[in-house]
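Structure, as structure tokens:
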Amino acid sequence: MQSDDLSHIRESVRTLCAGFGEDYWLDMDRTGGYPSDFVEELTRAGFLGVLIPEAYGGSGLGVREAAAVMEEVCRSGAHAGVCHAQMYVMGSVLRHGSEAQKQAYLPKIASGELRLQSFGVTEPTTGTDTTSLKTTARKDGDVYVVNGQKVWISRIEYTDLMLLLARTTPRDQVTKKTQGLTTFIVDVKQASGNGLDIRPIESMINHHSCELFFDDLEVPAANIIGREGEGFKVILDGMNAERILIAAECVGDGRYFVDKASAYARDRVVFNRPIGQNQGVQFPIARAYADIEAAALMVDHAARLFDQGADCGAQANMAKMLASEASWRAGDICMQTHGGFAFAKEYHIERKFRETRLYQIAPISTNLILSYLAEHVLDLPRSF
Ligand SMILES: Cc1cc2nc3c(=O)[nH]c(=O)nc-3n(C[C@H](O)[C@H](O)[C@H](O)COP(=O)(O)OP(=O)(O)OC[C@H]3O[C@@H](n4cnc5c(N)ncnc54)[C@H](O)[C@@H]3O)c2cc1C
Numbered sequence: 424m425q426s427d428d429l430s431h432i433r434e435s436v437r438t439l440c441a442g443f444g445e446d447y448w449l450d451m452d453r454t455g456g457y458p459s460d461f462v463e464e465l466t467r468a469g470f471l472g473v474l475i476p477e478a479y480g481g482s483g484l485g486v487r488e489a490a491a492v493m494e495e496v497c498r499s500g501a502h503a504g505v506c507h508a509q510m511y512v513m514g515s516v517l518r519h520g521s522e523a524q525k526q527a528y529l530p531k532i533a534s535g536e537l538r539l540q541s542f543g544v545t546e547p548t549t550g551t552d553t554t555s556l557k558t559t560a561r562k563d564g565d566v567y568v569v570n571g572q573k574v575w576i577s578r579i580e581y582t583d584l585m586l587l588l589a590r591t592t593p594r595d596q597v598t599k600k601t602q603g604l605t606t607f608i609v610d611v612k613q614a615s616g617n618g619l620d621i622r623p624i625e626s627m628i629n630h631h632s633c634e635l636f637f638d639d640l641e642v643p644a645a646n647i648i649g650r651e652g653e654g655f656k657v658i659l660d661g662m663n664a665e666r667i668l669i670a671a672e673c674v675g676d677g678r679y680f681v682d683k684a685s686a687y688a689r690d691r692v693v694f695n696r697p698i699g700q701n702q703g704v705q706f707p708i709a710r711a712y713a714d715i716e717a718a719a720l721m722v723d724h725a726a727r728l729f730d731q732g733a734d735c736g737a738q739a740n741m742a743k744m745l746a747s748e749a750s751w752r753a754g755d756i757c758m759q760t761h762g763g764f765a766f767a768k769e770y771h772i773e774r775k776f777r778e779t780r781l782y783q784i785a786p787i788s789t790n791l792i793l794s795y796l797a798e799h800v801l802d803l804p805r806s807f
């Protein structure tokens, strides 16, 4: 793969995705199934290892290329939420892991031998206020003993490894609330049933999210990623990449909706004319198109900054907000264009509509992005 040739990447991803048509995804959604075949093929083709350096068996490309992969997956009608975390979670291991940890995990993640698909941060009682999380990890010799609870942890039943954020120093014993948190890499298969209880959450989309209960789970001290007490930095580091990639997924969803709406508006004849001949039908689709293209520019801008190693917090956040809102509006227009047929599952739109709604809430909600921009970019007074 050439890093400057995104059209080549896009074409290859499209070809791969064509083997997994929309009925495949409809079936997954209906049955709550996990698309192992798809994830394995994406891994085998090297697309999930795009960000892993060549020295560790990956392609060594940038977030711009990774964004192109995620966008095309979504544009094909697939749900990238089944595998996207691996792209950005491994960045924490890459940037903060020891050489021994990188050697142990990254080549196996690149080859598909190990899946690193889960990221355990959110808790039921503290939500977005991450630094108030209550899960603790207490050092006991060579291990840390983890107790607490997490919620909405996705793909945990289909992963080998999870990055887990827990408090190792009580909040009242640190000067800054971001201190005293530690990131661990957890062997999920070993932990499950041995201090980790996993309970699936029945939810609106097929995202395989679960509640996790930790009851004296022992995690080796050697599994700390980065330094003890500095886990917030480890997690934060991957968040800009996560926002850019999720934004790219939204661009893919948005383009999917615009393609579908345009095609239907050209074909569907009512009152002896294609519905798309009516400007009342055309204009909302044209506006959705313009919104998505504008968001795509911000995604590309943020990705380029990220790949240059420049500060891209504001751009990554704006890309995520603009793209998630644009994809939702495009989905709404696509629904409207299809009339009653929008509700028929065989048209696939309602599934994509549900899936794209997530991204105004997770991984970070719109209000929190606005708050970031207000405080950190516009220098407005701190709210919380
Ligand atoms: C399908 C799904 C998959 C997920 N997967 C994962 C995962 O794999 N790993 C993981 O760790 N988490 C995951 N999450 C959790 C997700 O990141 C959180 O749901 C999200 O960050 C919002 O947190 P919350 O739900 O606790 O909302 P809350 O923090 O309770 O916020 C609720 C609402 O209040 C608003 N709000 C809160 N405080 C303020 C404020 N000060 N000012 C203005 N508005 C405010 C928020 O914007 C939001 O709209 C997932 C969630 C879902 C639904």
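So for the sequence shown, my numbering puts the first residue at 424; every next one is plus one. Glycine residues also receive a C-beta, built at the ideal position from the N, C-alpha and C atoms. Since this is a predicted model, take the numbers as computed values, not measurements.
Would a C-beta distance cut-off of 8 Å place residue i and residue j closer than the cut-off?
| i | j | result |
| --- | --- | --- |
| Ala749 | Cys673 | yes |
| Gly571 | Thr553 | no |
| Leu791 | Ala797 | no |
| Pro547 | Gly480 | no |
| Ala785 | Ala746 | no |
| Leu465 | Ala489 | no |
| Leu604 | Leu587 | no |
| Asn629 | Asp452 | yes |
| Asn646 | Val609 | yes |
| Asp638 | Gly618 | yes |
| Ala754 | Phe680 | It is worth fixing the name first, because residue 754 is Gly in this sequence and not Ala. For Gly754 and Phe680, yes; Cβs fall inside 8 Å. |
| Trp448 | Arg774 | yes |
| Thr549 | Ser541 | no |
| Ala560 | Val569 | yes |
| Arg666 | Ala726 | no |
| Ala491 | Leu584 | no |
| Ala503 | Met513 | no |
| Thr779 | Ile708 | no |
| Arg437 | Glu495 | yes |
| Ala737 | Val692 | no |
| His631 | Ser685 | no |
| Ser515 | Ile658 | yes |
| Val544 | Val642 | no |
| Gly535 | Glu463 | yes |
| Ala501 | Phe443 | yes |
| Met721 | Met741 | yes |
| Ala713 | Arg752 | no |
| Lys562 | Ala671 | no |
| Phe729 | Ala664 | yes |
| Ile648 | Leu635 | no |
| His519 | Asp660 | yes |
| Ser435 | Ala468 | yes |
| Gly652 | Thr591 | yes |
| Ala533 | Gly472 | yes |
| Asp690 | Arg487 | no |
Name the two residues that bound the continuous beta strand (DSSP E) containing residue i.
| i | result |
| --- | --- |
| Asp460 | Here Asp460 belongs to no beta strand (DSSP E); instead the alpha helix (DSSP H) covers Ser459 to Arg467. |
| Gly880 | There is no way to answer for residue 880, as the model of the chain reaches only from 424 to 807. |
Could you please give the first and the last residue of the uninterrupted alpha helix (DSSP H) stretch that includes residue i?
| i | result |
| --- | --- |
| Glu716 | Gln702 to Gln731 |
| His519 | His507 to His519 |
| His799 | Segment: none, His799 is in no alpha helix (DSSP H) and carries neither H nor E. |
| Ile432 | Leu429 to Ala441 |
| Gly754 | Gly736 to His761 |
| Val486 | Val486 to Arg498 |
| Ile787 | Unbroken run through Ile787: none, as it is neither H nor E. |
| Thr779 | Ile772 to Arg780 |
| Leu449 | Glu445 to Thr454 |
Among all the DSSP beta bridges, which residues are the ones paired with residue i?
| i | result |
| --- | --- |
| Asp620 | Phe636 |
| Arg696 | Val693 |
| Phe542 | Leu586 |
| Ile869 | There is simply no residue 869 to check, as the chain begins at 424 and stops at 807 in what is shown. |
| Val642 | Tyr567 |
| Glu522 | The partner list for Glu522 (beta bridge, DSSP) is empty, contrary to what the question assumes. |
| Glu653 | Leu604 |
request  = Please go through the segment 553 to 616 and give each complete beta strand (DSSP E) segment of 3 or more residues, from N-terminal end onward.
outcome  = 559 to 563, 566 to 577, 584 to 590 and 604 to 610
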